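A.B. asks: Residue numbers (this note's numbering): 68 to 306.
Backbone N, C-alpha and C define an ideal beta-carbon position, used for all residues, glycine too.
Please read these numbers as outputs of a predicted model, since none were measured by experiment.
Take a look at the following structure, please.
Right, here's the structure in full:
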C-alpha cells in the first residue's frame with residue numbers, strides 16, 4: 068500500500084509541475100503577444116491585435132523567431148491611402164529578441180506574408196475625379212460616375228457618364244473593364260461613346276499596397292474593394 072501511496076504522490080506532484088509549466092508558458096505567451104503587439108502597433112502607428120502561434124512561446128520571443136503571427140488592424144494609412152479591416156498572416160518572422168517597440172523591427176522580416184484589406188471606394192485613385200461605388204448584386208463590378216475629357220472634330224468636350232465596370236487583378240494591378248457605358252447630357256454618339264469607354268478601360272495600381280506585396284485577389288464589396296496580396300522575404304514596417 069505504501070508503494071501505491073508513494074506512486075500516487077509522485078503522479079500528483081508531476082501533475083502539479085505540468086500544470087505550473089503550462090501556466091508559466093501561457094503567461095509568457097500572453098506577455099510576448101502583448102509586447103509584440105506593441106511593436107506592431109507602434110510600427111503601423113495604430114493599435115494592432117496580435118496572435119502568436121507555435122510552441123514554446125517564450126523561446127520564440129527570446130530568439131526573435133516566430134513560426135506564425137496573425138495581425139489584425141482596424142485601419143492604417145499607407146502612402147496617403149486608408150486601408151480598413153486589415154489581416155496580416157506572417158510566416159517565419161525574424162526580428163530583434165524580446166521585441167517591445169518599433170525600434171526592435173528595424174531589420175524585421177517575414178518569409179511569407181498574406182495581407183487582406185479593404186480600400187474604401189473614395190480612396191481609389193481614379194482620374195478626372197471619377198467616383199466609384201459597389202454595383203449591387205455583384206462581387207466583381209463597380210459603378211463609376213463623373214465626366215471625362217474627349218476631343219471630337221478638334222473640339223474638346225467634358226462628357227458626363229455613368230458606367231458599370233468589371234474589376235479584377237491582372238498582372239498585379241486592378242484592371243477596369245467597362246461592361247456598359249451611358250453617356251449623359253445629350254452628347255452620346257458612336258464616336259463619343261467609344262472615346263469615353265477608352266478612358267475607362269485601364270489598369271491602376273492597387274492603392275495602399277506596400278511595394279513588397281503583389282495583389283492576387285479582388286472582391287467588390289459594399290464598403291470598398293477587398294484585396295488579397297502576398298509576398299515573400301518581406302520587410303516589416305517601422306517608424
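(1) In chain order, which continuous runs of the beta strand (DSSP E) of length 3 or greater are located wholly inside the stretch 187-217?
(2) Looking at the secondary structure, which residues open and close the alpha helix (DSSP H) in which residue 160 lies?
(3) Does the Cβ of residue 211 have 16 or more other Cβ atoms within 10 Å, making it buried, or fewer, making it exposed?
(4) For residue 185, count neighbouring Cβ atoms within 10 angstroms of its own Cβ and tell me buried if that reaches 16, exposed if not.
(5) Once you ignore the five residues that flank residue 205 on each side, which residues in its own chain have a CB closer than 7 angstroms to its CB?
(6) Since residue 288 sits in a beta bridge, which residues does DSSP pair it with?
(7) Is residue 234 near residue 254, with beta carbons less than 8 angstroms apart?
(8) Count the CB pairs spanning the stretch 160-176 and the stretch 129-137 that are closer than 8 angstroms, and state whether there are at least three.
(9) DSSP three-state call for residue 303: helix, strand or coil?
(10) If you follow the beta strand (DSSP E) that residue 116 is part of, which residue opens it and which one closes it?
(11) Assuming residue 260 is part of the alpha helix (DSSP H), what are its boundary residues?
(12) Can residue 272 and residue 285 be called in contact, C-beta distance under 8 angstroms?
(13) Around the Cβ of residue 165, are there at least 16 other Cβ atoms within 10 angstroms (buried) or fewer (exposed)?
(14) Work out the CA separation of residue 192 and residue 115 for me, nearest whole Å.
(15) I need the straight-line Cα distance from residue 136 to residue 124, nearest angstrom please.
(16) Do the CB positions of residue 228 and residue 258 come within less than 8 angstroms of each other?
(17) With a threshold of 16 other CB atoms inside 10 Å of the CB of residue 220, please say whether the residue is buried or exposed.
(18) Within 10 angstroms of the Cβ of residue 143, are there 16 or more other Cβ atoms? Answer buried if so, exposed if not.
C.D. replies: Short version:
(1) 198-201
(2) No alpha helix (DSSP H) holds residue 160; the beta strand (DSSP E) holding it covers 148-161.
(3) buried
(4) buried
(5) 287
(6) 291
(7) no
(8) yes
(9) coil
(10) 116-120
(11) 257-267
(12) no
(13) exposed
(14) 26 angstroms
(15) 11 angstroms
(16) no
(17) exposed
(18) buried
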